[in-house]
Ligand SMILES: [Zn+2]
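Residue numbers (the numbering used here): 8 to 153.
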């Protein structure tokens, strides 16, 4: 007989903690790709889809962002995922999106953009404020644009 799945106590669960775990798993897969700061388009697509699905499927996380958007303390899932600034929290979603959308030369720039876009769409900021950067506008990834 199969063992029952381990239950996590719901009350003690932070929706961000689950998301951070998922991000760590994602970025661990790609850990080798980050030597020179170049990220492939394939990975960029994966990451964008990952954040869209994460926010779409995880109602707890989505609700957390929506309910706490002004007052919450938010982790950057990309930074947490790669361990760049573990534990840093941003006051409000606007600060978080600004961080993710303005990261220039740090690690995982494209992942940050994807995260900012997904969050912006969730919060209704998609038009204008955090429009996706066309892939062919990004330096270093202009080859083979379909
Ligand atoms: Zn970050």
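Beta carbons are placed, not taken as given, at the ideal position from N, Cα and C, and that holds for glycine. This one's a predicted model, so the numbers in the text were calculated from it and none came from an experiment.
Buried or exposed: which applies to residue i, given that a residue is buried once 16 or more other Cβ atoms fall within 10 Å of its Cβ?
i, result
"residue 44", "Its pLDDT being 49, under 50, residue 44 is placed unreliably in this model, and the coordinates cannot settle the point."
"residue 93", "exposed"
"residue 171", "Since the displayed the chain opens at 8 and closes at 153, residue 171 lies outside it and no answer follows."
"residue 116", "buried"
"residue 42", "Note that residue 42 has pLDDT 48, beneath the 50 cutoff, so the model's placement of it is unreliable and no number is given."
"residue 66", "exposed"
"residue 35", "exposed"
Quick check: the Cα distance between residue i and residue j, rounded to an integer number of angstroms?
i, j, result
"residue 121", "residue 51", "8 Å"
"residue 62", "residue 102", "18 Å"
"residue 139", "residue 26", "For residue 139, the pLDDT reaches just 48, beneath the cut-off of 50, and the residue's location in the model is therefore unreliable, leaving the point undetermined."
"residue 104", "residue 8", "46 Å"
"residue 129", "residue 56", "14 Å"
Please confirm whether any heavy atom of ligand 1 lies closer than 6 Å to the CB of residue i.
i, result
"residue 100", "no"
"residue 30", "no"
"residue 85", "yes"
Assess, as a yes-or-no matter, whether the stretch 96-103 is touched by the stretch 29-38 under the definition of 3 or more beta carbon pairs within less than 8 Å. They do not touch, by the three-pair rule.
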